[in-house]
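**Student:** Please read through the structure below; I'll follow up with questions.
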Amino acid sequence: VSESLACKLCDAGTFQTGSGAATSAQCTLCDAGTYQSGSGVSASVDCVLCDAGTYQTGSGAAESIECSLCDAGTYQTGSGTPTSVRCTLCDSGTYQTGSGVIASIGCKSCNSGTYQTGSGVSESLACKLCDAGTFQTGSGAATSAQCTLCDAGTYQSGSGVSASVDCVLCDAGTYQTGSGAAESIECSLCDAGTYQTGSGTPTSVRCTLCDSGTYQTGSGVIASIGCKSCNSGTYQTGSGVSESLAC
């Protein structure tokens, strides 16, 4: 061949470092994770790294659009990534709705009062509400075990609650021995023959026995005034009596 014009340019997506190449097979493909849009390139450094938040699995890419965005629910901090498996899943307790995210900070924490057990989640709807009878004060909870049970003596009927103050004290005249109660009906009435003045009582032993010489027929009484005195001409030696016949 007598003219340099007969020397053909290596294609976009390739480079060729040496002189005297005889075939296009001697034009080296740019690595996976890179692209190269020009023709006739003579060095591998001209193969451009795909941006952080993307990957590119094949060699010889000629355009940046061949760099695929990492999926929602993932992020990728480095450039020149050759495979989607290097797109890191967002942690449990978080979600991430967009594609092509370049840092873990792009993974948003589930709100307080919720939790999320899976990794790589792409929707906030995957953050589940903590059950009634519980609360959860911090964001980014990864398991339901991080939803704290309301104390004995309280109940909480809503889901997704974010503060202990939402656990309602059982009324005076009642008690509730277990934690995590979801309804006010779980607050038990103090027995007949007793009364209880305070709210939020966690045990029946705090239901005070009516004094000797008195009786009290109803349950859930909230003051000692509810204990009735035996009639004149009678007496009653025991405490916590529930019938006037004991006089």
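In this text, residue positions in the sequence shown follow full-length UniProt numbering: the first is 1, and each later residue adds one.
In this text, a Cβ means the ideal position worked out from N, Cα and C, and glycines have one as well.
Between the alpha carbons of residue 217 and residue 190, how many angstroms are there, rounded?
**Tutor:** 11 angstroms
**Student:** Find out if the Cβ-Cβ distance for the pair residue 210, residue 227 is shorter than 8 angstroms.
**Tutor:** yes
**Student:** Which value, in whole angstroms, describes the spacing of the CA atoms of residue 89 and residue 222?
**Tutor:** 56 angstroms
**Student:** Is it right to say residue 26 is buried, meaning 16 or more other beta carbons lie within 10 angstroms of its own, or is it exposed?
**Tutor:** exposed
**Student:** Please work out which residues of its chain come closer than 7 angstroms, Cβ to Cβ, to residue 183, disregarding the five sequence neighbours upstream and downstream, and give them in chain order.
**Tutor:** In the same chain as residue 183, and ignoring 5 residues on each side of it, the C-beta atoms closer than 7 angstroms to its own belong to 155, 157, in chain order.
**Student:** For residue 12, collect the residues of the same chain with a Cβ closer than 7 angstroms to its Cβ; drop the 5 residues on either side in sequence, then sort them by chain order.
**Tutor:** 36, 37, 38, 39, 62
**Student:** Determine the DSSP secondary structure at residue 125, reduced to helix, strand or coil.
**Tutor:** helix
**Student:** Take residue 176 as the anchor and find which of 119, 212, 83, 201 has the nearest alpha-carbon.
**Tutor:** 201
**Student:** How many whole angstroms separate the CB atoms of residue 47 and residue 15, which I take to be in contact at a CB cut-off of 8 angstroms?
**Tutor:** Yes, residue 47 and residue 15 are in contact; Cβ-Cβ is about 7 angstroms, under 8 angstroms.
**Student:** Give the straight-line distance between the Cα atoms of residue 92 and residue 71, rounded to the nearest whole angstrom.
**Tutor:** 16 angstroms
**Student:** Between the alpha carbons of residue 121 and residue 188, how many angstroms are there, rounded?
**Tutor:** If I take the Cα positions, the gap works out to 42 angstroms.
**Student:** Compare the Cα-Cα distances from residue 214 to each of 41, 241, 197, 99 and report the closest residue.
**Tutor:** 241
**Student:** With distances taken from CA atoms, which of 138, 34, 32, 30 is nearest residue 114?
**Tutor:** 138
**Student:** With a cut-off of 8 angstroms on the beta carbons, I'd call residue 178 and residue 130 a contact; round off their distance for me.
**Tutor:** Between residue 130 and residue 178 the Cβ distance is about 17 angstroms, and since that is not below 8 angstroms, they are no contact.
**Student:** Cβ of residue 110 within 8 angstroms of Cβ of residue 73?
**Tutor:** no
**Student:** Are the Cβ atoms of residue 236 and residue 212 separated by less than 8 angstroms?
**Tutor:** yes
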